[in-house]
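To keep things clear, I will list the structure first and then write my remarks on it.
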Amino acid sequence: MEGGIAARAGVIVLTVGASLLVGAAPAAAAARVVHPGESIQAAVDTAHPGDTVVVLPGTYHEAVCVTTDGLTLRGTKAVIKPPAQAPQTPCAFGPEGQIIGIALFGQVNFETGEVVDPLSDVTVSGFRVEDFDAFGIGMIGGKNVDIVNNTAVDNEEYGIVRFVSTGGTLKHNRATGSEEAGLYLGDSPHANASIVANTAWDNGQFGIFVRDSSHGSVVGNTSYGNCVGIIVLSTHPPADDWTVRKNVVRNNTKACPPSEEGPPVSGLGIFLAGASHSAVLANTVTGNRPTGPTLASGGIVVASTAPLGGNDPVGNLIKANRAHNNQPDLFYDGTGSGNVFVANSCETSIPDGLC
Numbered sequence: 000m001e002g003g004i005a006a007r008a009g010v011i012v013l014t015v016g017a018s019l020l021v022g023a024a025p026a027a028a029a030a031r032v033v034h035p036g037e038s039i040q041a042a043v044d045t046a047h048p049g050d051t052v053v054v055l056p057g058t059y060h061e062a063v064c065v066t067t068d069g070l071t072l073r074g075t076k077a078v079i080k081p082p083a084q085a086p087q088t089p090c091a092f093g094p095e096g097q098i099i100g101i102a103l104f105g106q107v108n109f110e111t112g113e114v115v116d117p118l119s120d121v122t123v124s125g126f127r128v129e130d131f132d133a134f135g136i137g138m139i140g141g142k143n144v145d146i147v148n149n150t151a152v153d154n155e156e157y158g159i160v161r162f163v164s165t166g167g168t169l170k171h172n173r174a175t176g177s178e179e180a181g182l183y184l185g186d187s188p189h190a191n192a193s194i195v196a197n198t199a200w201d202n203g204q205f206g207i208f209v210r211d212s213s214h215g216s217v218v219g220n221t222s223y224g225n226c227v228g229i230i231v232l233s234t235h236p237p238a239d240d241w242t243v244r245k246n247v248v249r250n251n252t253k254a255c256p257p258s259e260e261g262p263p264v265s266g267l268g269i270f271l272a273g274a275s276h277s278a279v280l281a282n283t284v285t286g287n288r289p290t291g292p293t294l295a296s297g298g299i300v301v302a303s304t305a306p307l308g309g310n311d312p313v314g315n316l317i318k319a320n321r322a323h324n325n326q327p328d329l330f331y332d333g334t335g336s337g338n339v340f341v342a343n344s345c346e347t348s349i350p351d352g353l354c
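0 is the number of the first residue of the sequence shown in numbering that gives the first Met the number 0; add one for each residue after it.
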């Protein structure tokens, strides 16, 4: 379950965001319009902070790199697919070129993990990004970046991802067919971010994946057809202070075999894996049942990752959820302390008495 920045030695920084209407831009800002057959990257390269780049309907075979603060990149039924040759851009991983559909890079010191100069106040919206070898949309080192109303399909690692970033939202996006996770937020001790009203389905392992990050919310999302619907995971750094509320998590029955990155998982709805001081509130969790070997299973699961190098769960509240037809509906491995299950609607639990 690793999949962090270190998974690719050449990664530097990506950031993405939501959309503003051209008419809503400040008077001093410019609107640049990209037509089919024209280059999105050329428009981005000539844009200034506060500008809006509007990409008209069509299919664009390119990889877009954004390093300008305050930019709004707005697609209108625009589809981005890989070019014949991955370009060498400031957002490239190395000799292989840029293999991210829309990459937003700040400046990060990878020896210390410090964000030296974040990419700030960027918005990306309205794109369908398909078939990239790494991520559909990727951000590292972002600040107050909004990624809104995009669709990521069949990208190899993650659909939409943000690393070492703070503030901003992932909102109203759709992600499917990713090898690891549809939506990913990782390595952000001060995330202060929201994951709101997205849909993640039929991904290789996770629908929505929060890893080694603290302070944020996962609200009103739908996740189905994955091995794990929503996971908040600590692999060593803490994963603290998350609110997981009013999500619909159903039929995550896919079986993921063990790998170098983690144990087998299947049939997990909402999984607090070594997470602490988090609240799982008023979610609807149904039909999450394993179809193969798994570390654990259940509609809502609270368990330790200490045996894997992570932490015991501490101070979590599981309240007012509707959990039915899971195997079991609620599961707690008994580790940690202060984990409370109260007022949930459910039939089965391990241990008995949680419902």
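Glycine is no exception: its CB is placed at the ideal position from the N, C-alpha and C atoms. On a predicted model such as this, the values are computed, not experimentally measured, just so you know.
- Beta-bridge pairing by DSSP links R288 to no other residue.
- Ranked by how close their Cα comes to the Cα of C255, the residues R249, V248 and P263 have P263 in first place.
- At the C-beta level, N220 and A196 come within 8 angstroms of one another.
- The way I'd put it, the segment 286-293 does touch the segment 238-253; three or more beta-carbon pairs between them come closer than 8 angstroms.
- V144 carries a coil assignment under DSSP once its states are collapsed to helix, strand and coil.
- When C-alpha distances from N143 are compared across S119, D332 and Y331, the shortest belongs to S119.
- Excluding five sequence positions before and after A102, the CB atoms of its chain that fall closer than 6 angstroms to its own CB belong to L13, C64, C90 and G137, given in chain order.
- Burial check for E156: the Cβ neighbour count within 10 Å reaches 16 or more, so the residue is buried.
- Going by DSSP, D116 is part of no alpha helix (DSSP H) but of the beta strand (DSSP E) stretching over E113 to D116.
- Looking only at S336, L329 and R161, the smallest Cα-Cα distance to S348 is reached by L329.
- Minimum Cα-Cα distance from G298 among the listed residues P306, G215 and I229 corresponds to I229.
- The three-state reading of DSSP puts A274 in coil, since its state is none of H, G, I, E or B.
- The beta-bridge partner set that DSSP reports for T58 consists of V78.
- DSSP places A174 within a strand segment (E or B) once states are collapsed to three.
- In the same chain as A29, and ignoring 5 residues on each side of it, the C-beta atoms closer than 6 angstroms to its own belong to D50, in chain order.
- DSSP places I39 in the uninterrupted alpha helix (DSSP H) bounded by I39 to D44.
- Under the three-state reduction of DSSP output, L307 falls in the helix class.
- Shown here for D239: same chain residues with a beta carbon closer than 8 angstroms to its own, the five before and five after excluded, namely S213, H214, A274, S275, H276 and S277 in chain order.
- Boundaries of the beta strand (DSSP E) harbouring T122: T122 to E129, taken from the DSSP string.
- In the DSSP annotation of this structure, the continuous segment of the beta strand (DSSP E) that includes G297 starts and ends at G297 to A302.
- Taking 8 angstroms as the cut-off, the beta carbon of S222 is found closer than this to the beta carbon of A199.
- When secondary structure is reduced to three states using DSSP, K318 falls in the strand class.
- Around the beta carbon of V43, a 10 Å sphere encloses 16 or more other beta carbons of the protein chains shown; the residue is thus reported as buried.
- Taking T283 as the centre and dropping the five residues before and after it, the same chain places the C-beta of V247 and R321 closer than 6 angstroms to its C-beta, in chain order.
- Here F92 carries a coil assignment [DSSP, helix/strand/coil].
- Between the alpha carbons of V78 and Y183 lies a gap of roughly 21 angstroms.
- When the alpha-carbon of I159 is set against those of G69, S177 and G166, the nearest one is in S177.
- Around the beta-carbon of T58, fewer than 16 other beta-carbon atoms lie within 10 Å, marking it exposed.
- For V163, no beta strand (DSSP E) run applies, since DSSP gives it neither H nor E.
- Burial state of G36 is exposed, judged by a 10 Å Cβ sphere holding fewer than 16 other Cβ atoms.
- Just so you know, the alpha carbons of D68 and I139 end up roughly 13 angstroms apart.
- For the set I269, A342, P306 and T66, the Cα lying nearest the Cα of P117 is the one of T66.
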